Structure formats: C-alpha cells, structure tokens
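Mapping to our numbering: the sequence shown position 240 is 240, numbers consecutive.
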Amino acid sequence: MLEGLHPNRPTHVFRITTDGRSARAMTELIGEIFDPAETAVAAFETEDDGPWLLEAYFARQPDESAIRDLLRPIVGAEADKGVFLPLDQQDWVKASLEGLKPVRAGRMLVHGSHDRDQRRPNDLSIEIEAALAFGTGHHGTTKSCLLAFVDELKLRRPRHVLDVGTGTGILAFAAAKILKRPVVAGDIDPEAVRVARENARLNGIDPWMRLYVGPGVRHSLANRPGRFDLIFANILAKPLRILAPSLAQVATRDGTLILSGLLGRDVPGVLSAYAAQGWHLQRRYDLEGWVALVMKRGGAHPRPHRDYF
C-alpha cells in the first residue's frame, strides 16, 4: 500500500477538511481508483478529537470536476469546498513536515529528522525523510501493524520476515531493527522500492534489507514455499483477497500473517478468503477506523480484538 509515498515530482494537491469517517472512506476510494505511482492520499486529525484533513497529491493536473463528483456521494456538497492547489517542490516538502508527529508502538518510534530530540535512550527509532514521510507510520493501518508486531514479539521471535507492498518500508525496517536479521520486502512500484532503499540507508539497516520490485510474491526473493514465519501485507482489501493462496504458500506451517489496509466492512471478505486457505483470526486491532488482522493457521477461536483510540 503506497500510503505516505508521494508520487514522483507532484504538481498538485487536493485538500478537504471533514470528519474522520468520511476522510477514511475518501482515502480508500482515491487509493483504489487512481494509479498509486501518480497519486498519494492520506488523512489525519488536525487536533485531538478535532476535524480531519485529507490531502491527495497528484503527479499531473487532476480533473477537478471528476474528483468532486467522485467524492460527492461520501461528503455531499462539502466536496465543492475542497481546494486544488498547484505545488512546487518546496511546498510539498514543507507540507510533509506539517502535522508529522512522532508515533510510538512499544519501543519503536517513527519520526522525522525534526523530532530526533523525542527519542528515548532505549527507543528503536525509525527516521523517515520529511520529503518521503507524508502519512507514513501515522496512518492507522501502519500503526496498527506495528502494534500487532509488538504483541507478536511477546509470543515469539520470527526468523524469516516478508513485507508485501512495503511502500516506504516502515514495517520491514521495524522487523530488521528489532530482529537484527535480513528482511525481504517488495512492492509493485519501482518508486516505492527506491524510496525504501533511501530510507533503509538513512536508518543504517540497508545491509539487512532484501528489496524487490514485483507484484505480491512474484520474485525469487519472496516466492519460496514454506519460508516465512511472519508476513506483513498492509495493502487493500481486494489485493489481500487475491493474495491469500500465494501468501499461504510461502508461509511456514506455524507462520503469522499481519494484514491491514482494511475498513470494518472489508473484514468478513478477507477472513473468508484466508479461511479457505486454512487460516483463522487470532487478534484484531481497530485504530482510527482502520483494521489490522493477525492470522494463524488452523481452526482456533479468535481472541478479543483490541481497540485503540
């Protein structure tokens, strides 16, 4: 999922202030419809318990009328209050810095260079370049995956980790930093992999990263049956359902899947797709209207899900 990854040389941004539910629905819709190599979208609270700001970045001038029409079923006449603005490169770097606050999950801290002073002595920090950081780690899907990973570490330490749809690489980086082992991570978009490499160098973990360009597990690094005992897939509901057979194939018998990029209404379909491959729900995380699922093989009953507010 390319949440947080700007298109190469964005030229325009669309901004609209709305409520959290509408912001999440619009984020998913734009992410589903537009080419992720040319469009990036994320939404976040502008203040605690306050309104949400959605920002969509475009690599070329968008069709403003078509986008308003697309969003009108979600926000009605409010779609006409959204603004389209041209961008120069300095504008979008500055926009990336605004609202980028440190995010903590256990000992892991995701931050920009401007918040290095927020690190604690025992933190495992992941620093993301400001120009590449928009939404990364702050989007509910990514943070919920990090929280799920923290809980998984209380049970065991995975040996072979795969991150499918790595985007800016944040989940793979967390695994590499904590486990101090090589981590395989891939994305269908070459620009995402380029960004992940830059961020890996920034964090001093590039020797641990095995990055590839390709859809799903269609690469020699990832297409290794029965290899991975922990797999992250923070993408969207439809590709998650499609990937169920291939993820099951490359996972170990006692492996764990951490799946996200889901709204609540997506969960039954994803659970059904993975149940058909012999997986059951072990834990569920709800954060900012997004859901992360922790899946195990077999037929055990799921544990209660965890809500984060």
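Beta carbons are placed, not taken as given, at the ideal position from N, Cα and C, and that holds for glycine. Note that the structure is a prediction, hence the values are computed from the model and not measured.
Straight-line gap, residue i to residue j (C-alpha atoms, nearest Å)
i    : j    : result
A25  : G167 : 20 Å
V195 : F14  : 23 Å
G165 : V213 : 10 Å
R227 : L153 : 19 Å
L287 : R60  : 32 Å
G106 : D189 : 30 Å
P10  : R297 : 42 Å
A251 : P158 : 12 Å
L29  : A237 : 12 Å
G112 : E64  : 32 Å
D254 : F84  : 49 Å
R283 : M295 : 7 Å
T27  : A192 : 19 Å
A66  : I33  : 12 Å
V110 : V161 : 20 Å
T17  : W52  : 6 Å
L202 : D151 : 26 Å
S272 : A248 : 14 Å
Y274 : D117 : 42 Å
S96  : L243 : Bear in mind that the predicted position of S96 carries a pLDDT of just 48, short of 50, making it too unreliable to give a figure here.
R120 : E78  : 42 Å
Q57  : L70  : The sequence given here has Tyr at residue 57, not Gln. The straight-line gap from Cα to Cα measures roughly 16 Å.
R72  : L124 : 42 Å
L293 : P86  : 38 Å
D187 : V103 : 23 Å
N122 : I205 : 18 Å
E55  : I170 : 21 Å
D266 : N223 : 26 Å
H114 : L221 : 35 Å
L263 : K180 : 32 Å
G31  : A40  : 7 Å
Y331 : R197 : The displayed coordinates of the chain run from 1 to 309. Any statement about residue 331 would go beyond what the structure contains.
P245 : I128 : 33 Å
D19  : D80  : 15 Å
P207 : G76  : 49 Å
T142 : D163 : 12 Å
W279 : E38  : 35 Å
L155 : H219 : 30 Å
T256 : D229 : 6 Å
A172 : M108 : 13 Å
Exposure of residue i, with buried meaning 16 or more beta-carbon neighbours within 10 Å
i    : result
M1   : With a pLDDT of 34 at M1, under the threshold of 50, the modelled position of this residue cannot be trusted; read the value that follows with caution. Label assigned to M1: buried.
A276 : exposed
N199 : buried
W92  : Its pLDDT being 46, under 50, W92 is placed unreliably by the model, and the measurement read from it follows with that caveat. By the 10 Å Cβ count, W92 comes out buried.
T46  : exposed
A133 : For A133, the predicted model reports a pLDDT of 39, less than 50, meaning its position is unreliable; a value from the coordinates is still stated below. Classification of A133: buried, given that the 10 Å Cβ count is 16 or more.
R68  : buried
A148 : buried
A43  : buried
P62  : buried
L281 : buried
G82  : buried
D35  : exposed
For residue i: DSSP bridge partner residues
i    : result
V150 : V150 is not bridged to any residue.
N234 : S260
K143 : Answer by DSSP bridge pairing: none, since K143 is not bridged.
T17  : L53
A251 : F228
V103 : V110
R297 : W279
M12  : Note on residue identity: the sequence assigns His, not Met, to residue 12. Its beta-bridge partners are F58 and P86.
D163 : A185 and F232
E127 : H111
Integer Cβ distance of residue i from residue j, believed to fall under 8 Å
i    : j    : result
L146 : A174 : 6 Å
I231 : G261 : I231 to G261, Cβ: 14 Å. No contact.
I126 : K177 : 7 Å
I74  : S22  : 5 Å
R241 : V270 : 6 Å
W290 : G140 : 4 Å
P182 : R210 : 6 Å
Residue i beta carbon near the ligand GTP (any heavy atom closer than 7 Å)
i    : result
S144 : With respect to the ligand GTP, the structure shown offers nothing to examine, as it has no ligands at all.
Cβ of residue i within 8 Å of any chain B Cβ
i    : result
R181 : In summary, chain B is missing from the structure at hand, where a single protein chain is found.
Query raised in the report: Considering only residues of the region 29-59, which uninterrupted alpha helix (DSSP H) runs meet the minimum length of 4 residues and lie entirely inside it, listed in chain order?
Result: none
Report task. Could you name each continuous beta strand (DSSP E) segment of 3 residues or more that falls completely within the region 165-231, going from the start of the chain to the end? Result -> 183-187 and 209-213
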